[in-house]
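**Q** Residue numbers (our numbering): 111 to 650. Each residue gets a CB set at the ideal place from its N, CA and C atoms; glycine is no exception. Keep in mind that this is a model prediction, so the values were computed, not measured. Pasting a structure here, questions to come.
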Amino acid sequence: SIGEPKPDYDVLIIGAGLSGIYSLYRMRELGLKARVLEAASGEGGTWWWNRYPGCRFDSESYTYHFTFSQEVLDEWDWSEHFSPQSETLRYANYITDKFDLRKDMQFDTKVKTAHWQDDLHTWLLTDASGKSYSSTFLITAMGILNDPTLPNIPGVESFKGQAFHTSRWPHEWSMDGKRVGIIGTGATAIQIIPELAKRPIESLTVFQRTANWAAPLRNGKIDAEEMTDLRKRYPEIIQACADSAGGFCYSMDTRKTMEVPEKERLAFWEDLYSQRGFAKWMGAFADHLTNREANKAFSDFNANKIRQRLNDPAIAEKLIPQGHGFGTRRVPLETNYFEVYNRPNVRLVDYATDSPIERITETGVVLASGEKIELDCLVYATGFDAVTGALLRGIDMRGIGGTTLSEAWSEGVKTYLGLFVKGFPNMTMIMGPHQAFGNIPRSIEFAVDSVARFIKFCLDNGITYADAKEEGVQQWTDHVLKNSEGQLSNEVDSWLTGVNKNVAGKTVRFPVRYTGPGPLYRKTVNDVGDNGWKLLDLQK
Ligand code: NA7
């Protein structure tokens, strides 16, 4: 009968990144028997996998953290304004150790299937070795950028030199004296390229299909005195993040771009350009993401900044995006990125103005122009099957009646609050599609707190089955679509609009996340919780 035999766990959590770590903490706090299943050999998620040179977050360190524990806020010191991967991984290790979470984490465990058991009202998971695990609740915490995609260029498997995707960078490596090629110029490549160029490599060839609007990160060390000051300001910083649309420590300027006199406007942009982090994206005039004229003016300003940094005007023009305006894709932040192209041993091969790659061979690449470029190392900075990849491709997920998630979403992604999928009872998603995400730990903390609240509600009320109702799904999907109306980013291919041309079927744009303001998202979810999760079908 339902609930018999008892499942192995109350909750299974897939993934030991920041989402999984905090989910486990909250589930333990509820007194539940929980287990984290993780494919990697340690916790940290993104920060475990991505070890490429230059890897770091673009959110200020003192906003890219957990706030649930005052002790953690008091104890942990950040060493840089934008700390490198090694430090963030140490932070994940520290949280895990501090709360003794590792004993309920199981590594080197790649979940292959997750099937809802109609007769038992439980989830049944199997891993790559065939071992199975059952639970009442399931939390997917696989992250939004964890499923690497190689370029769909003919011959990609044939290269005989050193080749890897950026998220699979080897722990031990050297490219000294080598001819290195890198495909892709997204946020990842823009971090790696200046680091590689610094090393004694023979040459670096960058293959650019689409130029991106990158802007200065302006990192810096944090000394003890500054850390003390930041810590004093934590309440105010945390509040600023909570008030902002995307969870960062600055908010958009509400003035309309073209209504601000030109001199004042330029001075404002100059000031933004000199600031750290995403200020120049999320602290700019708000209409730059919705108004074409405003966006064009701000893009022109940024284009001139790029021109000023290049010795060769022709190369500058290739690096200035033509097909999309500033901020309509995720803005990569950089440290000396553009200056790299002033070096004699660095070459930019731009698809539009030079030539695309036609194929990859054993020894390098052949361009459509016929030119052969010989390489010793080839780096694929070609991104991820973002957000939905881990759910749709990574795991065979089946809900009621054996329906696959791909079937459930055959007409497009539909969720309730970005947390629930109809037909997949007792399953919640952390950083699932149509959830609000910006500054990731800020977003994770709220999502996990909401899931914990929901599970506590089920426990308190003897509910063993909870599935999203059609009405809730329709309401939320409409709300997500309505909120994204008018955004210029909707007109641009990127992982944030669900497009990855290396993945079959990922060609139709849709808002992957909830793009309304974070405070509204939190209010909506909190109201639903206050009202007893009414748009879920709840059964005892
Ligand atoms: P992104 O931002 O998805 O960038 C991937 C890059 O790879 C981008 O420049 C792509 O060009 C390029 N790409 C992908 N496939 C190909 C093929 N087949 N041929 C040529 N070039 C290709 O991934 P990142 O890893 O840089 O960043 C992901 C996120 O991680 C980032 O936004 C941060 O939030 C952290 P395209 O633009 O598609 O023409």
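1. In angstroms with no decimal places, state the Cα-to-Cα distance between residue 454 and residue 284.
2. Tell me which same chain residues have a C-beta within less than 6 Å of the C-beta of residue 225, skipping the five on either side of it?
3. Are at least three pairs of beta-carbons, each pair with one atom in the stretch 539 to 558 and one in the stretch 515 to 525, less than 8 Å apart?
4. DSSP three-state call for residue 313: helix, strand or coil?
5. In angstroms, rounded to a whole number, what distance separates the CA positions of residue 325 and residue 380?
6. Could you round the C-beta distance between residue 577 and residue 511 to whole angstroms and report it? I think they count as a contact, below 8 Å.
7. Is the beta carbon of residue 488 within less than 7 Å of some heavy atom of ligand 3?
8. Would you please state the rounded distance, in angstroms, between the beta carbons of residue 650 and residue 573? I believe it to be under 8 Å.
9. Could you tell me how far apart the beta carbons of residue 199 and residue 157 are, in whole angstroms, since I believe they sit closer than 8 Å?
10. Since residue 225 sits in a beta bridge, which residues does DSSP pair it with?
11. Would you mind stating whether residue 451 and residue 420 have Cβ atoms separated by less than 8 Å?
12. Just verifying my parser: in three-state terms, what is the DSSP assignment at residue 305?
13. What do you get for residue 432, buried or exposed, if any count of 16 or more other CB atoms within 10 angstroms of its CB means buried?
14. Helix, strand or coil: how does DSSP classify residue 466 here?
15. By the three-class DSSP mapping on this structure, what secondary structure does residue 411 have?
16. Less than 7 Å between the CB of residue 404 and some heavy atom of ligand 1, yes or no?
17. Check residue 318 in the structure and name its three-state DSSP category.
18. According to DSSP, is residue 119 part of a helix, a strand, or is it coil?
19. Taking 8 Å as the cut-off, does the stretch 369 to 377 touch the stretch 343 to 359 (at least 3 CB pairs, one atom from each stretch)?
20. Residue range of the alpha helix (DSSP H) that residue 198 falls in?
21. Within 10 angstroms of the Cβ of residue 207, are there 16 or more other Cβ atoms? Answer buried if so, exposed if not.
22. Mind checking who residue 487 pairs with in its DSSP beta bridge?
23. Between which two residues does the beta strand (DSSP E) holding residue 502 run?
24. Return the residue from the list 337, 557 and 603 that minimises the CA-CA distance to residue 634.
25. Is residue 295 buried or exposed, if buried means 16 or more other CB atoms sit within 10 Å of its CB?
26. Determine, using beta carbons only, whether residue 491 and residue 311 come nearer to each other than 8 Å.
27. I'd like to know whether the C-beta atoms of residue 404 and residue 368 end up nearer to each other than 8 Å.
28. Quick check on this structure: which residue in 209, 514, 125 and 160 has the alpha carbon closest to the alpha carbon of residue 181?
29. Is the CB-CB distance between residue 439 and residue 602 below 8 Å?
30. Give me the Cβ distance between residue 648 and residue 582, rounded to the nearest whole Å; I'm assuming they're in contact under 8 Å.
31. So what does DSSP say about residue 635, is it helix, strand or coil?
32. Can you tell me which of 215, 384, 322 and 355 puts its alpha carbon nearest to the alpha carbon of residue 147?
33. Would you be able to state if there are at least three C-beta pairs under 8 Å between the stretch 187 to 198 and the stretch 323 to 342?
34. Consult DSSP for residue 362 and reduce its assignment to one of helix, strand or coil.
35. Using beta-carbon positions only, say whether residue 301 and residue 437 come within less than 8 Å of one another.
36. Output needed for residue 245: all residues of its chain with C-beta closer than 7 Å, excluding positions within five of it in sequence on either side, in chain order.
**A** According to the structure shown:
1. The residue labelled residue 454 in the question sits at position 344 within the sequence shown. The residue labelled residue 284 in the question sits at position 174 within the sequence shown. Per the coordinates, the alpha-carbon of residue 454 lies some 21 Å from the alpha-carbon of residue 284.
2. Your numbering for residue 225 matches position 115 in the sequence shown. So the list reads 234 and 508, once near-sequence residues are dropped.
3. Segments in contact, yes.
4. Mapped onto the sequence shown, residue 313 falls at position 203. Assigned with DSSP and collapsed to three states, residue 313 falls in strand.
5. Within the sequence shown, residue 325 is the residue found at index 215, counting from 1. Within the sequence shown, residue 380 is the residue found at index 270, counting from 1. Going by the C-alpha atoms only, they are around 12 Å apart.
6. Translated into the one-based positions of the sequence shown, residue 577 becomes position 467. Translated into the one-based positions of the sequence shown, residue 511 becomes position 401. Incorrect: roughly 12 Å between the Cβ atoms, too far for contact.
7. This structure lacks ligand 3; its bound ligands are ligand 1.
8. Numbered from 1 along the sequence shown, position 540 holds the residue referred to as residue 650. Numbered from 1 along the sequence shown, position 463 holds the residue referred to as residue 573. A Cβ-Cβ separation of about 6 Å places residue 650 in contact with residue 573 under the 8 Å criterion.
9. Numbered from 1 along the sequence shown, position 89 holds the residue referred to as residue 199. Numbered from 1 along the sequence shown, position 47 holds the residue referred to as residue 157. About 4 Å separates the two Cβ atoms, so the contact holds.
10. Your numbering for residue 225 matches position 115 in the sequence shown. Paired residue(s): 234 and 508.
11. Counted from its first residue, the sequence shown places residue 451 at position 341. Counted from its first residue, the sequence shown places residue 420 at position 310. The answer is yes: Cβ separation under 8 Å.
12. What you label residue 305 is simply residue 195 of the sequence shown in a count that begins at 1. Three-state DSSP puts residue 305 in a helix.
13. Numbered from 1 along the sequence shown, position 322 holds the residue referred to as residue 432. Exposed, by the Cβ-count rule.
14. Residue numbering aside, residue 466 sits at position 356 when the sequence shown is read from its first letter. Residue state, collapsed to three classes: coil.
15. Taking the sequence shown and counting its residues from 1, one reaches residue 411 at position 301. The DSSP-derived three-state label of residue 411 is helix.
16. As a first step, residue 404 must be located in the sequence shown, where it is residue number 294. Because no heavy atom of ligand 1 lies under 7 Å away, the Cβ of residue 404 does not count as near it: no.
17. As a working mapping, residue 318 is identified with position 208 in the sequence shown. Residue 318 falls in the strand class under three-state DSSP.
18. For the purposes of this step, residue 119 is taken as residue 9 along the sequence shown, with counting starting at 1. Strand, per DSSP.
19. Verdict: no, contact absent.
20. Counted from its first residue, the sequence shown places residue 198 at position 88. Per DSSP, residue 198 belongs to the alpha helix (DSSP H) from 195 to 208.
21. As a working note, residue 207 is residue 97 in the sequence shown. Around the CB of residue 207, fewer than 16 other CB atoms lie within 10 Å, so the residue is classed as exposed.
22. If you number the sequence shown from 1, residue 487 lands on position 377. Partner(s): 272 and 290.
23. Reading the sequence shown from its first residue, position 392 is the one you call residue 502. Careful: residue 502 lies outside any beta strand (DSSP E) and carries neither H nor E.
24. Locating residue 634 in the sequence shown gives position 524, where the first residue counts as 1. Comparing alpha-carbon positions, the option among 337, 557 and 603 lying closest to residue 634 turns out to be 557.
25. The sequence position of residue 295 within the sequence shown is 185, counting from 1. The residue is buried, with at least 16 neighbouring Cβ atoms inside 10 Å.
26. As a working note, residue 491 is residue 381 in the sequence shown. As a working note, residue 311 is residue 201 in the sequence shown. In terms of Cβ geometry, residue 491 and residue 311 do not form a close pair [threshold 8 Å].
27. Walking along the sequence shown from the start, residue 404 turns up at place 294. Walking along the sequence shown from the start, residue 368 turns up at place 258. In this structure, residue 404 sits near residue 368, with a CB-CB distance shorter than 8 Å.
28. Taking the first residue of the sequence shown as 1, we reach residue 181 at position 71. The residue with the shortest Cα to Cα distance from residue 181 is 209.
29. One-based indexing of the sequence shown puts residue 439 at position 329. One-based indexing of the sequence shown puts residue 602 at position 492. Yes, the Cβ-Cβ distance between residue 439 and residue 602 is below 8 Å.
30. Taking the first residue of the sequence shown as 1, we reach residue 648 at position 538. Taking the first residue of the sequence shown as 1, we reach residue 582 at position 472. At roughly 12 Å, the Cβ-Cβ gap does not stay under 8 Å, so residue 648 and residue 582 are not in contact.
31. Looking up residue 635 in the sequence shown gives position 525. Looking at residue 635 - three-state DSSP - the assignment turns out to be helix.
32. Within the sequence shown, the letter at position 37 stands for residue 147. Distance check between residue 147 and each of 215, 384, 322 and 355 places 215 closest, using alpha-carbon atoms only.
33. A contact is defined here as three or more CB-CB pairs under 8 Å, and the stretch 323 to 342 meets this definition with respect to the stretch 187 to 198.
34. Residue 362 sits at position 252 when you count from the first residue of the sequence shown. Looking at residue 362 - three-state DSSP - the assignment turns out to be coil, as it is neither helix nor strand.
35. Mapped onto the sequence shown, residue 301 falls at position 191. Mapped onto the sequence shown, residue 437 falls at position 327. The Cβ atoms of residue 301 and residue 437 lie no closer than 8 Å to each other.
36. Translated into positions along the sequence shown, residue 245 becomes position 135. Closer than 7 Å at Cβ, skipping near neighbours: 117, 118, 119, 120, 121, 122, 232 and 233.
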